[in-house]
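Working notes for the structure below.
What follows is the structure, given as structure tokens:
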């Protein structure tokens with residue numbers, strides 16, 4: 109016996125199918141728009157627009173990003189023909205230049221760059237970034253000014269992707285990763301051939317690796333990534349070490365001594381794998397240069413909260429110092445207070461991310477030395493660890509302190525504001541002038 113659907117049933121079925129198609133389409137688009145790659149694409153657009161403006165529109169010399177100073181050119185005394193030859197293609201920016209010039213010198217001629225560097229033991233300690241640029245250039249000095257940019261660009265994309273993947277793994281919005289990917293301190297480092305983009309990207313991937321399902325591979329991968337991060341910029345230890353120590357904590361509190369032993373041994377091996385290469389390299393540099401660092405005072409915490417900023421108080425009306433207050437001191441203080449409150453109120457709040465946030469906020473902001481408070485370029489880029497630790501700490505705040513993200517969004521608004529004021533807004537104005545020029 110056959111079955112014939114009525115007209116009403118067919119219409120109902122058609123409506124249901126259309127609704128299902130609409131629902132499926134909405135889910136697909138929601139998945140696309142909330143995918144970590146979509147977040148990374150946003151960073152690609154911003155950084156790509158910046159590069160295209162500099163090199164495609166303004167025809168900027170990529171050597172200008174290193175900000176070479178005449179003082180260090182003269183200090184080198186023509187010790188490296190490779191450096192001297194490449195410097196002739198650039199225009200020195202000022203007398204002192206900026207720190208990116210030392211990565212540029214090392215990448216050009218790692219064996220003979222020391223005479224051109226202010227503190228060789230310190231700068232060579234951050235060896236990975238210039239050597240990565242040199243490797244990408246296939247030892248061709250003419251390509252190194254470009255590969256210094258490419259390495260940092262890839263690092264920014266990789267770091268943002270790692271943070272977005274980490275957030276999605278914890279069922280949080282991957283778009284929060286834009287606070288990291290568009291952080292002006294990292295953008296400044298990217299625009300001046302500095303090592304922070306690569307360093308913190310490696311840390312982010314190291315933290316992500318600790319969540320892998322394969323236990324031994326995740327420990328090996330995390331150790332390698334943390335070690336490479338330290339060889340790029342040593343301040344990354346402030347994030348990586350709390351995570352390494354935390355590996356042994358469950359076993360340390362266990363009653364079985366065998367369990368405690370293996371937990372401590374595992375954490376110790378990861379710690380050795382992460383810190384060991386850095387210590388070995390610093391030992392080699394000490395044997396070569398005879399010092400660990402020329403001026404340790406400028407890297408030590410200052411005596412009182414924000415005393416380093418108060419050191420410049422006589423110039424508070426200058427925009428240079430005002431920027432330190434609004435975009436560094438206030439958001440850093442918010443992050444420090446939030447971290448300290450979570451640590452004091454809940455014993456279970458002592459997690460690697462909250463510990464890393466507290467140490468970063470206190471050491472890199474609240475007690476930051478006067479030299480680093482000189483301008484946003486100096487202080488902004490070293491706030492990168494605070495921003496990354498703040499994102500990593502969000503799940504702890506969500507679990508222990510309901511409606512607790514107000515501190516994060518308040519700090520993030522101040523952290524991100526310089527990108528609009530000094531990055532995107534001038535970039536849009538330059539593009540507008542460019543299009544007006546070619547159309548007129």
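Numbering (the working numbering), first residue to last: 109 to 548. C-beta atoms are modelled at their ideal positions from N, C-alpha and C, and glycine is treated no differently.
Query	Result
Residue-chain proximity (residue 281, chain B), Cβ-Cβ < 9 Å	Annotation note: the requested chain B is absent from the structure, which comprises a single protein chain.
Secondary structure, alpha helix (DSSP H): runs of 4+ residues fully inside the stretch 449 to 495	460 to 469 and 484 to 489
Cβ contact (3+ pairs, closer than 8 Å) linking the stretch 307 to 319 and the stretch 179 to 196	no
Residue nearest to residue 332 in terms of C-alpha spacing, selected from 348, 343 and 322	348
Where residue 281 falls, given that 16 or more other Cβ within 10 Å makes a residue buried	exposed
Exposure of residue 543, with buried meaning 16 or more beta-carbon neighbours within 10 Å	exposed
Three-state class that DSSP yields for residue 382 in the structure shown	helix
Through-space distance from residue 439 to residue 370, alpha-carbon basis	40 Å
Neighbour-count burial assignment, residue 257, 16 or more Cβ in a 10 Å radius	buried
Between the CA atoms of residue 261 and residue 528 - distance to the nearest angstrom	19 Å
Exposed unless 16 or more other CB atoms sit within 10 angstroms - verdict on residue 109	Reliability of the predicted coordinates at residue 109 is poor, the pLDDT of 45 falling under 50, and the value obtained from them is presented with this limitation in mind. Exposed, by the Cβ-count rule.
Reference residue 518, options 492, 477 and 446, closest by Cα	446
Assigned secondary structure, residue 552 (DSSP; H/G/I helix, E/B strand, else coil)	Outside the shown range of the chain (109 to 548) lies residue 552, about which nothing can therefore be said.
Segment contact, 8 Å Cβ cut-off, at least three pairs: the stretch 470 to 484 with the stretch 500 to 518	no
Backbone secondary structure at residue 164 - three-state DSSP	helix
Unbroken alpha helix (DSSP H) run spanning residue 545, endpoints	533 to 547
Length of the line joining the Cα atoms of residue 275 and residue 237	27 Å
Nonlocal neighbours in the same chain, by C-beta distance under 8 Å from residue 99, ignoring five residues either side	Outside the modelled stretch of the chain, which goes from 109 to 548, sits residue 99, for which no answer is possible.
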